[in-house]
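Note that my numbering has the sequence shown beginning at 43, numbered continuously upward.
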Amino acid sequence: MGRYVIRRLLQMIPVFFGATLLIFLMVNVMGDPIAGLCGDRQCDPATSAQLRAEFGLDKPVWQQYLIYMGNVFTGDFGTAFNGQKVTELMAEAFPVTIRLTIVAIVFEIVIGITLGVITGLRRGRPVDTGVLLLTLVVISVPTFVTGLLLQLLLGVEWGLIKPAVSPEAPLDELLIPGLVLASVSLAYVTRLTRTSIAENARSDYVRTAKAKGLPRGRVISRHLLRNSLIPVVTFIGTDIGALMGGAIVTERIFNIHGVGYQLYQGILRQNTQTVVGFVTVLVLVFLVANLIVDLLYAVLDPRIRYA
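The structure is reproduced here in structure tokens:
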């Protein structure tokens, strides 16, 4: 296990540098960030040159990247064009998005796996057909439509929730935004769990467990569910980074000042330091989440061994 973890950590190094380099190059071709600092009027050449030198934009792109990565390893993610440190923006945004992501993941695990187990054990029955149709509708409807409808009905018409989340973003106010954020992934988790349960229910080890006279609940929880969760855990693990980075629409609808909001503002204002800094952290989240998922395989299936 130890050698496997070390090998995976070493494999993460080129992936990290490759992903950050790609993002850095993509952000740098979005346009001229200095042009947006002077408003509607064009910056005069002297001011433009001074700003470029101040933010290091007068150097070649490859040199900018090397300088940036050198600063990242010292904990310096640069300064936004408004003069605020990117690390300060991260300290404000990431706790909010982490809470929102946790709410979304809990919805995925509790509702998605529960519905998947129920429909997988009752394949072909009315409840199975109904849940499949419901998940298909959820997948088909865009997230911004779901969010706006729930905001209008629950927040404006019925007054059950606040239409906009307060700046502190307490956990109770993040329940509906978390459900909106998790809606599509929840539907996929339900369908994936259903398929896996239905396939493994016909396996030899399940029939053997039933033949031994084990209680139905134990057969489902200790044998069937445990082996069926491997593809589900893979999906949820990779979905963590996607939820954190893909929360732009949800955070805009409910006025949540998290990672998605900061990324949107950074892209809108062509703020290179902000966008690259936040995406760099999200790349690390993706890599760590995938490593944890790989290690969980051995917990779910004792037959899996890491050399």
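Idealized CB from N, CA, C, for every residue including glycine.
Can you give me the start and stop residues for the alpha helix (DSSP H) that residue i sits inside?
i: Glu241; result: Leu217 to Asn242
i: Leu63; result: Gly44 to Asn70
i: Ile160; result: Ile155 to Leu163
i: Leu195; result: No alpha helix (DSSP H) contains Leu195, which DSSP labels as neither H nor E.
i: Gly287; result: Leu267 to Gly287
i: Val180; result: Pro168 to Ser182
Which class does residue i belong to by DSSP, given the choice of helix, strand or coil?
i: Thr116; result: coil
i: Lys127; result: strand
i: Ile203; result: coil
i: Arg258; result: helix
i: Leu299; result: The sequence given here has His at residue 299, not Leu. Coil, per DSSP.
i: Ala91; result: helix
i: Asn246; result: Just to set this straight, residue 246 is Asp in the shown sequence, not Asn. In this structure, Asp246 counts as helix in the three-state DSSP scheme.
i: Asp214; result: helix
i: Arg350; result: Outside the modelled stretch of the chain, which goes from 43 to 349, sits residue 350, for which no answer is possible.
i: Ser4; result: There is simply no residue 4 to check, as the chain begins at 43 and stops at 349 in what is shown.
i: Pro137; result: helix
i: Asp100; result: coil
Kindly identify the DSSP beta-bridge partner or partners of residue i.
i: Thr121; result: Lys127
So, at 6 Å on beta carbons, what are the nonlocal neighbours of residue i in its own chain, with the 5 sequence-adjacent residues on each side left out?
i: Ser270; result: Ser238, Ile239 and Asn242
Residues in its own chain within less than 7 Å of residue i by CB, not counting five upstream and five downstream?
i: Val173; result: Leu157, Thr161 and Thr232
i: Tyr306; result: Ile290 and Arg294
i: Ala206; result: Phe296 and Asn297
i: Val325; result: Phe58, Ala61 and Thr62
Tell me which same chain residues have a C-beta within less than 8 Å of the C-beta of residue i, skipping the five on either side of it?
i: Phe136; result: Gly300, Val301 and Val323
i: Val103; result: Phe66, Leu67 and Asn70
i: Val275; result: Val335, Leu338, Tyr339 and Leu342
i: Ile262; result: Val159 and Leu163
So, does the region 130-147 touch the region 281-297, judging by three or more C-beta pairs under 8 Å? Below 8 Å, enough C-beta pairs join the region 130-147 and the region 281-297 to call them touching: three or more.
Are there three or more Cβ pairs, one per stretch, closer than 8 Å when the region 242-251 is compared with the region 105-123? At 8 Å Cβ cutoff, the stretches do not touch.
So, do the region 252-270 and the region 317-332 have three or more beta carbon pairs nearer to each other than 8 Å? Contact annotation: the region 252-270 does not touch the region 317-332, with fewer than three C-beta pairs closer than 8 Å.
Between the region 190-200 and the region 121-130, do at least 3 Cβ pairs fall closer than 8 Å? They do not touch, by the three-pair rule.
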